[in-house]
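In mature numbering (1 follows the signal peptide of the UniProt record, and there is no 0), the protein residues as written are -30 to -1, 1 to 954.
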């Protein structure tokens, strides 16, 4: 019942309000399809009976019912005691269980009468009301003190009505939503306080929000009630059927019931693929081997999967998949036999060559194995070759199609079986594809002296091998003065079994050896025959063959003389196998142990000045028999082939370790010349800090260059491996050795052009030796390392400006490069100019920029570097001066104490400070600015964030050099003690 006082003033107000409520909100029940992320705790419009809320005093709020369009009653409360002052009318709901919600929302719909539309109403009329709540575990409280309620808000109407014309429906319905946070007890009561307004409370709905069940990235996230006012609730997902965690899936439930920030995911297990947030089995004919694969894929060639849910496809019969093969690769089979076998005999060596199999089985990992047997003449009895037969590079696991076999016995039959296999050969029951190469080593040639000797000629005759390995094509005669074999020998060739050798010195003993060549290769040399020319011509009177031999000798001499004169005119130096007259300066040369010596001085001779490059090799490099070399392991790859380590065993000398550069098969004549030119250059040098040439192998394949073995490899790699482990004196000693070697080269007028730490080799005693004398070099694998000009490639970071701009290479440009090597050594192999591009380096140098001192670099060393980098060539020191300077430093270590960057590292309190405010400024201040991107990518963007950085964190960021780590951590300590003031 409405208040009697209200009905007395406005007799139809209660009824009119009820009617207006109905017309103002007829479709209320149809709107109760609330969002799926909202859970309703109380909905007054759903009540079918009285709400039963507590109203006090009794003459305040009144519950009324109206009928909707379906004639269903709607429960509402209204109050309109506007004629009396000091109103305090309370309406309290029943106990509302909060379930698990910490945050609930209250939605109220109401109408409110404009006070101005009520005639005669005193000024105490209100147009607002208050909303409160009381949290309690007790669901049956009869009374709650007003002071115990917590105010939610004062509610005002957006629109109030002024007329009561039901037909025009001018009454406005207001909707307001308020929130209660951080609820903790079992439930709460809501209360509405009227202080003198005309209000109709149409509906009250209490609800909380949740993030609804969802599936994302194959992970199911359950219904999740939201957290506090702004808190995000972290929810871990569960992988759906046939899926597994790739990275733990989780999301955050926001306060408004929405899912945020998906992290991680699940992936379908092997044999399943994703389809609309589910995992379904792979169809027959497809497979999925790994959970990380996105979808099932078609079976690779020669395989199938007859059933669904396959994790791999089964190979067809006769096809296989190796254990290490990815399941995505096709099934393959063993290769067929090698093809087109060829053998080339050279004395007791044989070079075996063959073509790859016609059918590779679908694989690229073919290797070859050689088996050797020695057979009797009739071929009935064969035995396995002994350990005395050697294979270069080896006889098992060959990747190339060429092998050199040495130390065979002469006049013997050998059978070599070449097997081809690949990664699945071991899985196949069928025999491996193989080809047999039969070889017969030639007999030696029997040499007899059949004719006379004169003061300048000798006539030889010989018998060929009894059972030659094929038709004899020609004979090769080699001769030299006794005890001079290593220095100068001559090779003549003829198709006859007789030869007159002319142009000899009178009264001189010569050594002659003869061997035969067939289509199958060279046979062995016959025994040495020593013959001494006479002091005068002596005719062997009575010899029936004398006249014939004399005629032949004279005719041959005339032809030979014409030939020599022609060669001398054309070349002026060398032609064929006979050495022509030398230039006046060359007559002063002596050849000792394969190296050039000039009285009082030494001058480098470029191999390209020779008409015949092979003669340069013979002049400056000692020929080594391949049987004296034992290759042990591959240690790298050069421009022309493999680089191996092994042992060299020379008669009468102890066995030594050597490095062996081999020329790969299929080379061109130019490649062979370029390869051997390095030996022609290296053979001219004899210095403790220049790599020593032991000799060459040119008469057997593969062609090889043999040098001393340097145990610690290249200097740049060695320094990076031992970063920070040497004293300054040790580093200066290394630099002194390099400078000494370069002084020697400079004195010989040799310009290196590519002096860099990568081209310095280090032995077990830390002795540094200059290397890489090839005329055609691969500068670096990094394409940025070389700058191409019309004259070829230049290593920009190590090259003087005039050499880059005008290709002016001199000893002064080598001095510039030496300064860069000094910087590399002191910085333990750091890359010069860091990650600057070549163009930036060129521009910076032209503008006067020079590399700063590395960490812990003595001032005197950095000054020497700067002297080497003077723009003017004449202003740079000579290598002799550099050696003298370094010698003084070694004798006076105290001069190395003052460091160029000492102010960065010392802990002297008087050290000046530099104020920085950002990480970038700090890195610039300690000259570590090239690590800015590393710090930024790792999230170190403020000075506070770096105060507790560790060595392991620096390593993860890419700061791997121990010296740089030490410098950064030292500066961090300064930050910790002095705030943002960094010592510089």
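Even for Gly, the Cβ is constructed at its ideal location relative to N, Cα and C.
- In this model, residue 837 and residue 853 are separated by some 14 Å (Cα to Cα).
- Counting only the Cα atoms, residue 82 lies some 47 Å from residue 206.
- Distance from the Cα of residue 596 is smallest, within the candidate group 337, 709, 830, 361, for 361.
- Counting the other CB atoms within 10 Å of its CB gives residue 129 a total below 16, which places it among the exposed residues.
- Under DSSP, residue 828 shares a beta bridge with 869.
- In the DSSP assignment, residue 325 falls within the beta strand (DSSP E) that extends over 319 to 325.
- For residue 688 against residue 627, the beta-carbon gap comes to about 17 Å, at or over 8 Å, which does not count as contact.
- In chain order, 300 place their CB closer than 6 Å to the CB of residue 271, counting only its own chain and leaving out the 5 sequence neighbours on each side.
- Inside the stretch 425 to 504, DSSP marks no whole alpha helix (DSSP H) run of 4 or more residues.
- Around the beta-carbon of residue 112, fewer than 16 other beta-carbon atoms lie within 10 Å, marking it exposed.
- Within the same chain, and ignoring the five residues on either side of residue 659 in sequence, the residues whose Cβ sits closer than 6 Å to its Cβ are 707, 710, 711, 739.
- Annotated as proximal: residue 220 and residue 234, with beta-carbon spacing under 8 Å.
- Residue 671 places its beta carbon 8 Å or farther from that of residue 262.
- When DSSP states are grouped into helix, strand and coil, residue 91 belongs to the coil group.
- Runs of the alpha helix (DSSP H) lying entirely within the stretch 666 to 716, each at least 4 residues long, are 685 to 691 in chain order.
- Burial check for residue 163: the Cβ neighbour count within 10 Å reaches 16 or more, so the residue is buried.
- Bounds of any alpha helix (DSSP H) do not take in residue 347, whose DSSP letter is neither H nor E.
- The alpha-carbon separation between residue 211 and residue 919 amounts to approximately 43 Å.
- Our two residues, residue 827 and residue 866, have alpha carbons roughly 8 Å apart in a direct line.
- By alpha-carbon distance to residue 431, the top candidate from 287, 468, 78, 44 is 468.
- In this structure, the alpha-carbon of residue 783 lies about 15 Å from that of residue 851.
- DSSP places residue 11 in the uninterrupted beta strand (DSSP E) bounded by 8 to 13.
- Between residue 335 and residue 306, the gap from beta carbon to beta carbon reaches 8 Å or more.
- In this structure, residue 622 sits away from residue 602, with a CB-CB distance that is not shorter than 8 Å.
- The beta carbons of residue 282 and residue 297 sit about 5 Å from each other, so the pair counts as a contact at 8 Å.
- Annotation for residue 221: the continuous beta strand (DSSP E) segment containing it runs 213 to 223.
- In this structure residue 704 is buried. Its beta-carbon is surrounded by 16 or more other beta-carbon atoms within 10 angstroms.
- Counting C-beta atoms within 10 angstroms of its own C-beta, residue 401 has fewer than 16 neighbours from the protein chains shown and is therefore classed as exposed.
- By the CB criterion at 8 Å, residue 146 and residue 66 fall outside the cutoff.
- Straight-line spacing of the CA atoms in residue 786 and residue 822 works out to 15 Å.
- According to DSSP, residue pairing for residue 383 in a beta bridge involves 345, 410.
- For the options 790, 394, 649, 371, the alpha carbon positioned closest to that of residue 634 is the one of 371.
- By the neighbour-count criterion, in which a residue is buried when 16 or more other Cβ atoms sit within 10 angstroms of its Cβ, residue 914 is exposed.
- At a Cβ-Cβ threshold of 8 Å, residue 790 and residue 768 count as neighbours.
- A contact between stretches requires three or more CB pairs, one per stretch, nearer than 8 Å, and the stretch 44 to 61 meets this requirement with the stretch 22 to 29.
- Distance from the CA atom of residue 503 to the CA atom of residue 591, rounded to whole angstroms, is 29 Å.
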